[in-house]
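The structure appears below as structure tokens.
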């Protein structure tokens, strides 16, 4: 039915076309399941592509007998929907409206994808980034196989194998430090008239053999994903790929160092230096545990949460730094006159201030004087409050 011809009244948005002031002040009544809302047409006209903002779209809900628009929809949700028009685009879900129901209301009133995305972001949803696929069919299949475990059964199988290899690598990293398994490294041997530490061939070490098998898989997986990726530049920008590279580098450095030592005759001074370097390099292997986040949505969400909270975390660390400086200085001067003090200098007091403010309290350093104990009490209270 034509709204202009409706009886006994005509729709509220039918107005003389040449009367702009009348148009701005024209009011419209919206009935939501028996609850009436009243607003101005110019308020709805701010978003002409929505259901309420477009006269043609809302026409089919017009009730000529009551001279109003009737919607059999959720009442509490419409408070937020109407506020969206009144505020110029701010959308907040009422606390008594379920998330899924409010999402349905947004779709019904056609507020648009931008409003929906903004609403989901405010609710804490992580926006899924578009993941481009290679154009070549064979390359695309390989990429899905190694990068998207949810795409197929074989892809899930490869993901399981990858997780198992990562876990084996981490277990080997821990087990090889057991004293029972490295006794032979402490033995000595006689070279001429000199006793030198005995160093077994690393190539015969069972831990090294298992490590080699793990590295073969890591290297194979990394190369396949590199050659199958849709963009080589984006591949190196991904932090997870950087972790994959870091995970395999220590092995090749260790292998090269061991082979070089065998060729150069294992001089004791050079051997001590190389061992110190190898310890630092092998420590990098512990970062392989972050490879698990590639296969865990929970770890990815945790990483995104930490990334989004970097400003707050930085502020917390800044306050901790201020507290450490203040309390370590205060306890040093409070304990300065005591000959048995544990605080030889302000930098030495940093450790005590950190463990006190974080409520760890190892007890290796503690104040003796009354003034020092007062400072220590304030430091502990400040740590709890922050």
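Numbering (this note's numbering), first residue to last: 19 to 404. Glycine included, every Cβ here is placed at the ideal spot set by N, Cα and C.
What do you get for residue 84, buried or exposed, if any count of 16 or more other CB atoms within 10 angstroms of its CB means buried? exposed
If you follow the beta strand (DSSP E) that residue 55 is in, where does it begin and where does it stop? 53-58
Using 8 Å as the threshold, is the segment 317-331 in touch with the segment 375-389, meaning 3 or more CB pairs across them? no
Where do the ends of the beta strand (DSSP E) carrying residue 47 lie? 45-50
Apart from the five residues on each side of it in sequence, which residues of its chain come closer than 6 Å, Cβ to Cβ, to residue 109? 102, 133, 137
Classify residue 262 as helix, strand or coil using the three-state DSSP reduction. helix
Using beta-carbon positions only, say whether residue 92 and residue 123 come within less than 7 Å of one another. yes
Evaluate the contact criterion for the segment 234-246 versus the segment 150-162: three or more CB pairs, one atom per stretch, below 8 Å. yes
With a Cβ-Cβ cutoff of 7 Å, do residue 385 and residue 358 count as a contact? no
Short Cβ contact (7 Å threshold) for residue 99 with residue 127: yes
When you compare the segment 219-236 with the segment 184-194, are there three or more beta-carbon pairs, one atom per stretch, that lie closer than 8 Å? yes
Is residue 226 helix, strand or coil when you go by DSSP? helix
Sequence-distant residues of its chain with Cβ nearer than 6 Å to residue 49 (five each side left out): 86, 88
Please determine, among 351, 96, 300, the residue with the shortest C-alpha to C-alpha distance to residue 392. 351
Where does residue 81 sit, in a helix, a strand or coil, going by DSSP? strand
By the DSSP assignment, the beta strand (DSSP E) with residue 89 in it spans what residues? 86-89
To the nearest angstrom, how far is the alpha carbon of residue 275 from that of residue 241? 24 Å
Is any heavy atom of the ligand NAP found at a distance shorter than 6 Å from the C-beta of residue 331? For the structure depicted, the ligand NAP is absent and the ligand set is empty, with no information on it obtainable.
Can you tell me whether residue 396 is helix, strand or coil according to DSSP? helix
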